[in-house]
Structures are given as C-alpha cells and as structure tokens.
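Worksheet: the structure to be examined is printed underneath.
Protein chains: 2
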Amino acid sequence: MLSKSAKYALKGVLYLAMNTNEQKRVMAKDISGPINVPPSYIAKLLQQLGRHGVVSSIKGPHGGFFLTEENKKTPLIKIIDLLDGEYRLKSCMLSLKDCNELNPCPLHRLVGNVKSDFIRSLEQTTIAELVQDIKDGKSFLPL
Amino acid sequence: MLSKSAKYALKGVLYLAMNTNEQKRVMAKDISGPINVPPSYIAKLLQQLGRHGVVSSIKGPHGGFFLTEENKKTPLIKIIDLLDGEYRLKSCMLSLKDCNELNPCPLHRLVGNVKSDFIRSLEQTTIAELVQDIKDGKSFLPL
DNA sequence: CATATAAAAGATAAAAATGTCTTTTAATAT
DNA sequence: ATATTAAAAGACATTTTTATCTTTTATATG
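Protein chains in written order, with this note's numbering: chain A, 893 to 1035; chain B, 893 to 1035.
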C-alpha cells in the first residue's frame, strides 16, 4: 500500500508531533527506538522531510528534529507523496494511462469512490488532527 | 498500491478471459503486446498462476494459455494475494503488529471502512464479472 | 577561538523487485 | 520414431528500494 519509507516517515513525524516543540528537540538516533526504524534510515527520511518544510531541525548541541505548530498543519498526503510520489496512490489500479471516469478500466468501478474518498481523507487530515485523536483516546500508540 | 507483477497478472488473466477458451489458446509471446508487458515476464507470471489453478495451459503445438469457465470464477483477490502476498493490501497502514479495531493506530479510523470495503470487493468480484462489464459496455479495454 | 555536538550530504552496501535468457519437459504432427 | 512446438523451470542480469557508513557543515558552549 505505502512504501516502507512512507510508513517510516509518517511514524517519525507522528513521534515528533507527540514529543517535541520549538524548545524540546530529539535526535534521529533517539527516535529510532521508539518508532522501530533504523537510526540512519529515519535520519535520512527526516532530512528529506526537512527540505520540504514538513519537519524542522537545528544542528549542533541541543539540536535535533522537532515540529513547529506550523509543521503540524501538514496534511498526511504531503508526506506520502514526498516519499512514494503521487503516482503510487493516485494512479489507476492497472496503471493504464487513459483510464478515467468516462473511459474506466475493468477495475475502475470496483475501486470506485473508495479510492477517491481515501485520498481526500489523506488530503484533509493533518498531523495535528492525528495527535488530537491520540490525546482524546480515539487512537493509540506505540508506533 | 499493487505491485507491477500483480497488475501485469491481472491484465494477463483479463486478456485470457476475453480471448481464450478450452479450444482457443494463446502463447505468452502473443499476449505480451496487447497487454503491454514484457514477454518473458508475463510467461513467468502465467506459469505461477497456472500452478495455483488460476489459469490453464497446454504445452506443444497449438498449445498455450487459456481460461476455463472454472478459471473465470477466480476472485480478483486470489491473483493479488498470490503475487503481493496478503500482507501488502491487508496489513495496517503503518504496518503495526497490534493495530486492530479495539486498539486502532492513528491512521486506522482514517482508512476506516474504506479499506475493508475495498478488500471485500476484491474478494467478491470474479474475473467473469469483469468480463461481463466489458461486454455490457460498462468498462473498457485496451489494457 | 577551540571543541564538541548533531544535522546535512554523499558514498557505499545489501536486499528485493523487475526483467531476460537458456535449458528442460511435455505435447503434437509428420 | 523423429522433429517441432510451446510451456515449465532455472539461471542470470538489471533496477529500485532499503539500509548503513563516512565526511562535511552549522551551531552552541567553554
């Protein structure tokens, strides 16, 4: 469904959302354990997310990765698209170039609104909202 | 979403469903073009599907791959699971081992019924039904 | 300023997925 | 029987994804 990279990235960002802010930062190697992702791999992913404004970071002593309130407004789809490309989730089930509503491939109706609804959720839901759910006891950690 | 192998396999089986029967068979190399999949790759995939009773085949002159009426009753999920494994489609969005309805991960509700509905469709829909849709002008080729 | 710290960037390695080629086996037709 | 055909099986090559390691750059602190 999602690549490992996308899953790792979502877990990393979620961890940062729950455990950091402008003042309190965490180093890549300290995220690794709690989210169960290899340290140098999560570092790479967070750096990539940093370049695109999804996470924040500061170098040097007491530096590390963190999320600003602004960062937390990132919609989930942005993280997924950054790592998997838009194509993976949004393309036709059979990767047919000219499959669309008017000229649907044999699997198109089957997937139907299901997929578009799903993608809309990912576009409309932000990291902040996921955090709120956790705090409201609607969903659970650990990652 | 699906691996290339799964997409290729679905296209191959769909092509067989539309163009073959016990009497009329096609060779791997003649499927390749119409469905736009490398010849030796589709051959491998069809052999694998053959081992699991999804397609039929006969060796030698006038041999080739084909689908029996029985074969056409195969649900789509079988083809997908064979190539991608059940895990890919059915596991939690974050691949968390103990995510379930009672202990949902942060993405669980978001995906919600959408995913289970989708999987149910794949379980309940057969190749034969897709063929019927095409014949009824509800969906379109080419692959 | 010098030093230590931690991210950024780059290079390299390992594993998995995709794709191709060759040999073997089974069926057909002459 | 023999030759031909086409799938089955296996070996091999390429590409992509995942993972690790090393060097560089920026920042804070003494």
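Backbone N, C-alpha and C define an ideal beta-carbon position, used for all residues, glycine too.
Alpha carbons only, please: which of the options is nearest the one belonging to residue i?
i: G955 of chain B; options: B:S1031, B:L1035, B:L902 and B:D922; result: B:D922
i: D1028 of chain B; options: A:P996, A:M910, A:I950 and A:S897; result: A:P996
i: M985 of chain B; options: B:V918, B:K965, B:I972 and B:V1006; result: B:V1006
i: L1014 of chain B; options: A:P926, A:I1011 and A:V1003; result: A:V1003
i: Y900 of chain A; options: A:F958, A:T912, A:S932 and A:F1010; result: A:S932
i: V946 of chain A; options: A:L975, A:S924 and A:N928; result: A:L975
i: L1022 of chain B; options: A:G942, A:R1001 and A:P1034; result: A:R1001
i: K964 of chain A; options: A:M893, A:K896, A:N911 and A:I1011; result: A:N911
i: I950 of chain A; options: A:P967, A:V918 and A:Y979; result: A:V918
i: T966 of chain A; options: A:L981, A:H944 and A:L894; result: A:H944
When we look at the beta-carbon of residue i and count the other beta-carbons within 10 Å, is it buried (16 or more) or exposed?
i: T960 of chain A; result: exposed
i: D973 of chain A; result: buried
i: L894 of chain B; result: buried
i: L908 of chain B; result: buried
i: L968 of chain A; result: buried
Pull up the distance between the alpha-carbon of residue i and that of residue j, whole angstroms please.
i: L988 of chain B; j: P953 of chain B; result: 51 Å
i: A920 of chain A; j: T1017 of chain B; result: 45 Å
i: L906 of chain B; j: N928 of chain B; result: 13 Å
i: N913 of chain A; j: P926 of chain A; result: 17 Å
i: V1031 of chain B; j: K903 of chain A; result: Before going on, a small fix: residue 1031 of chain B reads as Ser here, not Val. Going from the Cα of S1031 of chain B to the Cα of K903 of chain A covers about 38 Å.
i: Q1024 of chain B; j: A1020 of chain A; result: 46 Å
i: K916 of chain B; j: P930 of chain B; result: 22 Å
i: L941 of chain A; j: K970 of chain B; result: 37 Å
i: K896 of chain A; j: I1026 of chain B; result: 36 Å
i: P998 of chain A; j: F957 of chain A; result: 46 Å
i: D990 of chain B; j: P1034 of chain A; result: 10 Å
i: A898 of chain A; j: Q939 of chain B; result: 33 Å
i: N992 of chain A; j: K936 of chain A; result: 36 Å
i: F1010 of chain A; j: S924 of chain B; result: 33 Å
i: E962 of chain B; j: S948 of chain B; result: 10 Å
i: S983 of chain A; j: I934 of chain A; result: 27 Å
Which residues, in order along the segment 986 to 1001 of chain B, keep a beta-carbon less than 9 Å from a beta-carbon of chain A?
-> Result list: L986, S987, L988, C991, N995, P996, C997, P998, L999, H1000 and R1001.
Select from the segment 901 to 931 of chain A all residues with a C-beta closer than 8 Å to any C-beta belonging to chain B, and list them in chain order.
-> Sequence-ordered contacts of the segment 901 to 931 of chain A with chain B read L902, K903 and L906 [C-beta pairs closer than 8 Å].
Length at least 4, wholly inside the segment 935 to 999 of chain B: the alpha helix (DSSP H) runs in chain order = The qualifying runs are 968 to 982.
Chain A contacts made by the segment 932 to 960 of chain B, where a contact means CB separation under 9 Å | none
Would you list, in chain order, the members of the segment 971 to 985 of chain B that have their beta-carbon closer than 8 Å to a beta-carbon of chain A?
-> R980, L981, S983 and M985
Could you list the residues in the segment 1011 to 1028 of chain B with a C-beta less than 7 Å from some C-beta on chain A, going in chain order?
-> S1013, T1017, L1022, D1025 and I1026
Would you list, in sequence order, the uninterrupted alpha helix (DSSP H) runs of no fewer than 4 residues that lie entirely inside the segment 1005 to 1030 of chain B?
-> With a minimum length of 4 residues, the continuous alpha helix (DSSP H) runs that stay inside the segment 1005 to 1030 of chain B are 1019 to 1027.
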